[in-house]
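Following: one structure in structure tokens, then a few remarks.
Residue numbers (my numbering): 329 to 576.
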């Protein structure tokens, strides 16, 4: 499942002439503007679905918190996702993948499933200093756990569930010594797969999330000093391309 380019809101203070040295990615965690990682996850589908968020410290030897969201009710606990940033002060090289994070899928038999949620990725850069909040709409395909299972079934147990992230995002962070900006191609491995398939009643941990940066020309009507805003109409358009529809 593929998504078109996503234009992200950007403050004009960050769109300044870049120095001669290399752009550096400092970190790739979640939006930390609210306690317990609450700002890192938003827009569940359906919108009425109850969620809980938490920060899981130092998972898997990482020095960074894991931003976790939980949904549903079941005897084995809720289902959920956990994003743990792993990158630290890494030079950005156009065309070379960087591991940004790991994504874990906690898949439990539950009532109250959701079909999508947005992770608000916080990218922090240096040389020049800049910060971008990048909404990543994630598609969640929960199954009924009984045959017939979907075509993506892999395990021999109850029907698997699948997580999909969009593979193309434009961040509009300025590139030093260029009039272009950054885009990111996301995948769960350097070969470009952007799905996680998880057996029922399992915790599918440690999927590496890679970002391959590319140059994106500045939109002609705006120019290098433009302030680009992400509207609710654009979010709705992206969800339609992903096949995700809001609750009626």
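Each residue gets a CB set at the ideal place from its N, CA and C atoms; glycine is no exception.
Determine the direct distance from the alpha carbon of residue 457 to that of residue 437, and round the result to whole angstroms.
-> 44 Å
Per DSSP, residue 445 forms a beta bridge with which residues?
-> 466
With distances taken Cα to Cα, identify the nearest neighbour of residue 494 among 355, 371, 523, 414.
-> 523
Under a Cβ-count criterion, where at least 16 other Cβ atoms within 10 Å of its own Cβ denotes burial, should residue 447 be classed as buried or exposed?
-> buried
So residue 412 is in the beta strand (DSSP E); what residue range does that whole segment cover?
-> 407 to 413
Contact under 8 Å by Cβ, residue 367 with residue 449 = no
Can you tell me the Cα-Cα spacing of residue 536 and residue 525, whole angstroms?
-> 14 Å
Who pairs with residue 523 in a beta bridge, going by DSSP?
-> 492
Can you grab the Cα-Cα spacing for the pair residue 420 / residue 499, in whole Å?
-> 14 Å
Relative to the alpha-carbon of residue 440, which residue among 513, 423, 408, 426 has its alpha-carbon at the smallest distance?
-> 408
In the structure shown, what three-state DSSP assignment does residue 561 receive?
-> The pLDDT assigned to residue 561 is 41, lower than 50, so where the model puts this residue is not dependable, and the model offers no usable value.
So what does DSSP say about residue 533, is it helix, strand or coil?
-> strand
How long is the line joining the alpha carbons of residue 422 and residue 503, rounded to whole angstroms?
-> 10 Å
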